[in-house]
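Engineer: The numbering of the sequence shown is my numbering, which starts it at -9 and goes up by one.
Note that CB positions come from ideal geometry on N, CA and C, so glycine has one too.
Quick caveat: nothing in here was measured; it's all calculated off a predicted structure.
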Amino acid sequence: MREEIRSGRATLERKLAICNEAALLAPEERVEPLCILTADSDSTVREKAAGVLLTQPLKTVLAALALPGAAPEMFAYCAAEFPRRPGVADALAQNSTCPIEVLRPVIRYLSVTAIQDLFEDLDRLSTSPILVAELIASAVINAEQRTLLLELQRAEPEPVEAFLEAAEAAEPDKAKRETLLQKLGHMRVVERVQRALKGGRDERLLLIRDPCKVVQRAVLQSPQLSEQEVESFANMASLTDETLRLIAGNRKFRKNYAILRGLMFNPKTPLEVTLHLLPHLKPLDLKFLSGNKNVADTLRTAAARLQRQRSAARDS
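1) Can at least three beta-carbon pairs, one atom from the stretch 203 to 211 and one from the stretch 231 to 243, be found at a separation below 8 angstroms?
2) Going by the beta-carbon positions, is the gap between L171 and A157 smaller than 9 angstroms?
3) So, is I8 buried or exposed, given that buried needs 16 or more other C-beta atoms within 10 angstroms?
4) For N256, which option in L174, H266, A227, L274 has the closest C-alpha, if you only look at C-alpha atoms?
5) Since C313 is in the alpha helix (DSSP H), which residue starts that stretch and which ends it?
6) Does any residue of chain C bring its CB to less than 9 angstroms from the CB of S228?
7) Among D287, Q214, K173, whose alpha-carbon lies nearest the alpha-carbon of G190?
8) Using the Cβ count rule (16 or more neighbours within 10 Å means buried), how would you classify Q206?
9) Hey, how far is the Cα of L279 from the Cα of G77?
10) Just to confirm the assignment: which complete alpha helix (DSSP H) runs, minimum length 4, are found wholly within the stretch 181 to 252?
11) With distances taken from CA atoms, which of L14, K49, K5 is nearest S31?
12) Quick check on M(-9): does DSSP put it in helix, strand or coil?
13) The alpha helix (DSSP H) that contains R98, what's its start and end?
14) Starting from the C-beta of A0, find all residues in its chain whose C-beta is less than 7 angstroms away, skip the five residues before and the five after it, and write them out in chain order.
15) Which class does M64 belong to by DSSP, given the choice of helix, strand or coil?
16) So what does DSSP say about Q143, is it helix, strand or coil?
17) Which of the three DSSP states is assigned to T117 in this structure?
18) With a threshold of 8 angstroms, are at least 3 pairs of Cβ atoms found where one atom belongs to the stretch 60 to 68 and the other to the stretch 16 to 33?
19) Would you mind reading off the limits of the alpha helix (DSSP H) that contains A39?
20) With distance defined between alpha-carbon atoms, name the residue in I90, L55, T288 nearest to R75.
21) Report the three-state DSSP secondary structure of P17 (helix, strand or coil).
22) So, for Y99: in the same chain, excluding its five sequence neighbours on each side, which residues have a beta-carbon less than 6 angstroms away from its beta-carbon?
Take a look at the structure:
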């Protein structure tokens, strides 16, 4: 039935059955054919389909918009007719099959959460220059997000010198390192984002120290990234404080104690992050931290205080 509607081969009786709820479809599965039928050649079908859609509960529309592989006509109809209904714009943005040209007019209705979700999908952003441009022009993003998007728009490659230090740490073999540097010297930011997301371990080790923050973020979004790699990142004093903050902000990474410990002993980890994570430190590590002169005095003092409090609680 779905294919009949999509291809335009459905009979008039079938179309009217969908409009009249005679077709045995789940409510959310009925929304898509109804949207397609609003552009039917038969005026009766068009009017019935449009009228029925206006009566659909919001939760049914949102469930339909979440279905994978939905027809573009459904996204287009909902974007045109229901853009102000709560959650509709977010549902359009969160479904990766929604065409970018459909999403563009509803960007202004996106919630903060939906915008953040888009930034958690750098694969989509880095391959959608039109979406990036629309987001930059909108008023729904903050200054930090605009900076990241502007980085994605940069067409000129970074000078090779920008990667020298990171390349030396990531690739000890001089010949391989020079080859790698030559490749990076010809890559635009979006290409390095794609490499960070889909490349190998050695490339991630280098790109986590890329001059562009958006590339660093892409490394942490890579599906191939292992927790062992993140452990090594957490111990790197050469990383930016923002990258360390992103690691600390990831709930999955925080559950790994080796990652948490690396962040706590890394002098580059922002103080507000380490103070927040301090109560999760094991007793022996807390003792070592309280005497570690490489970390901030405030953190060292807080560690010593917590250690005394724990000792007093045990004694009592």
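Structural biologist: To lay it out plainly:
1) A contact exists between the stretch 203 to 211 and the stretch 231 to 243.
2) Yes, these two residues count as a Cβ contact at 9 angstroms.
3) I8 should be labelled buried.
4) Residue nearest to N256 within the set L174, H266, A227, L274 is A227 (criterion: CA-CA distance).
5) A query on residue 313 cannot be resolved here, the shown segment of the chain reaching from -9 to 306 and no further.
6) Any reference to chain C falls outside this structure, which holds one protein chain only.
7) Of the residues D287, Q214, K173, the one whose Cα lies closest to the Cα of G190 is Q214.
8) Answer is buried; the Cβ neighbour count reaches 16.
9) Between the alpha carbons of L279 and G77 lies a gap of roughly 46 angstroms.
10) Counting whole runs of 4 or more residues, the stretch 181 to 252 contains the alpha helix (DSSP H) stretches 191 to 197, 203 to 211, 217 to 224, 231 to 238, 241 to 244.
11) Nearest option by C-alpha distance: K5.
12) M(-9) falls in the coil class under three-state DSSP.
13) Element bounds for R98: n/a, residue is neither H nor E.
14) Excluding positions up to five away in sequence, the list reads E(-6).
15) Residue state, collapsed to three classes: helix.
16) Note: Q143 maps to helix in three-state DSSP.
17) Reduced to three states, the DSSP call for T117 is coil.
18) Contact between the stretch 60 to 68 and the stretch 16 to 33 is present, with at least three C-beta pairs closer than 8 angstroms.
19) Unbroken alpha helix (DSSP H) run through A39: 33 to 44.
20) When each option's Cα is compared against that of R75, the closest is L55.
21) Three-state result, P17: helix.
22) Within the same chain, Y99 has close Cβ partners P73, A79.
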